[in-house]
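Asker: Taken in sequence, the protein lines are chains A and B. Be aware that the first sequence starts at 1, since it is given in full-length UniProt numbering, and climbs by one per residue. Be aware that the second sequence starts at 1, since it is given in full-length UniProt numbering, and climbs by one per residue. The structure is given below, and queries will be raised subsequently.
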Amino acid sequence: MHSFGYRANALLTLSVTILAIMCAMASFSDNFNSPSPSASVEVLNINRLQKLSNGDDEVSLTLNISADLQSLFTWNTKQVFVFVAAEYESTKNSFNQVSLWDGIIPSREHAKFWIRTTNKYRLTDQGANLRGKDFNLTLHWHVMPKTGKMFADKIVMTGYRLPEEYR
Amino acid sequence: MDESMGEVIACLLSFSEMDWQGQKAAEQLMQIMLIAFAVVAFLTGFAFGSFQMMLLVYAGGVVLTSLIIIPNWPFFNRHPLKWLDPSDADRYPKPQPTVSAKKKSTKQK
């Protein structure tokens with residue numbers, strides 16, 4: 001501690017160490033938040049269900065997605081990434097998961113939303129299994145913190161069914 | 001503006017270095033201030049729900065601490081060592097290296 005340089009060095013190392021501890025504590029404080037998000041997805045229309053030239057089924061949907069994810073936000077949350085995935089079983093794969101729509105919620109003010117949209121990404125099966133298929137629509141989210149641990153969870157909505165015939 | 005800044009810097013450089021007790025006080029003060037500002041910053045950030053607030057309060061604390069700790073303030077030089085003048089040194093007996101007999105014998109073995 002006898003010169004400018006030594007004192008500046010000691011101050012820098014200690015202050016950065018303490019900053020790291022503060023960030024760790026901020027991340028730890030997220031564990032005390034118990035969120036209660038809600039979501040619902042309505043299939044407004046099956047625009048088309050057809051067999052592609054390579055033999056795979058493809059479906060186009062119009063969805064009405066509404067969600068209230070405000071309780072996910074804490075003081076340590078940077079943004080929340082959400083996506084809606086169609087999940088179903090087929091003879092080839094025991095679990096198929098196809099992302100239909102996604103979005104980034106930048107703040108708590110934008111976390112209560114509804115959106116009416118056709119599927120942003122194509123829902124194509126590996127095969128021709130989509131006719132009359134029961135499927136789930138699942139809202140997944142990843143909470144991205146400013147520092148520390150990332151949280152992820154989902155809401156599964158069941159009871160959707162595709163039409164029996166191509167259209 | 002530049003002249004007054006120059007005067008301030010010249011004034012800071014003219015201070016003599018910290019003495020031993022000043023160095024110890026500076027280190028302890030630094031640790032106490034940084035930890036205190038960290039606690040205050042975390043609590044205000046948590047209370048206001050603002051991560052940015054925590055960072056700003058802590059940054060302010062670090063700047064204030066560095067202003068107090070880093071320059072050679074006269075406050076840290078209240079117990080300066082008094083050195084003899086070289087011309088006086090001859091009038092005093094020179095310190096003799098005191099080596100105990102035991103140590104010497106162990107070294108020789």
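Quick reminder that beta carbons are idealized off the backbone N, C-alpha and C, glycines included.
Going by Cα to Cα distance, which pick from A:85, A:102, A:103 is closest to residue 95 of chain A?
Answerer: Out of A:85, A:102, A:103, A:85 has the C-alpha closest to the C-alpha of residue 95 of chain A.
Asker: Can you list the residues of chain A that residue 21 of chain B reaches, using a CB-CB cut of under 9 Å?
Answerer: In chain order: nothing, as chain A lies at least about 11 Å away.
Asker: May I have a chain-ordered list of the alpha helix (DSSP H) segments no shorter than 4 residues that lie completely inside the segment 4–55 of chain A?
Answerer: Listed in chain order, they are 4–29.
Asker: What's the gap between the Cα of residue 8 of chain B and the Cα of residue 19 of chain B?
Answerer: Each residue's Cα considered, the two are about 22 Å apart.
Asker: Counting only beta-carbon separations shorter than 8 Å, does residue 152 of chain A have a partner in chain B?
Answerer: False, the Cβ-Cβ gap to chain B never drops below 8 Å.
Asker: Please specify which runs of the beta strand (DSSP E), each continuous and at least 3 residues long, are wholly inside the segment 53–134 of chain A, giving them in chain order.
Answerer: Runs found: 57–68, 77–88, 96–105, 112–118.
Asker: Roughly how many angstroms separate the alpha carbons of residue 74 of chain B and residue 13 of chain B, rounded to a whole number?
Answerer: Straight-line Cα distance between these residues: approximately 11 Å.
Asker: Please decide whether residue 8 of chain B counts as near chain A, where near means a Cβ-Cβ distance under 8 Å.
Answerer: Output row for residue 8 of chain B: interface = no.
Asker: Assign residue 113 of chain A to one of two classes, buried (16 or more other C-beta atoms within 10 Å of its C-beta) or exposed (fewer than that).
Answerer: It counts as exposed.
Asker: Have a look at residue 77 of chain A and residue 152 of chain A and give me their C-alpha separation to the nearest angstrom.
Answerer: Taking the straight line from one Cα to the other gives about 13 Å.
Asker: Taking residue 67 of chain A and residue 38 of chain A to be in contact with their CB atoms under 8 Å, please state how far apart those CB atoms are, rounded to whole angstroms.
Answerer: At roughly 7 Å, the Cβ-Cβ gap stays under 8 Å, so residue 67 of chain A and residue 38 of chain A are in contact.
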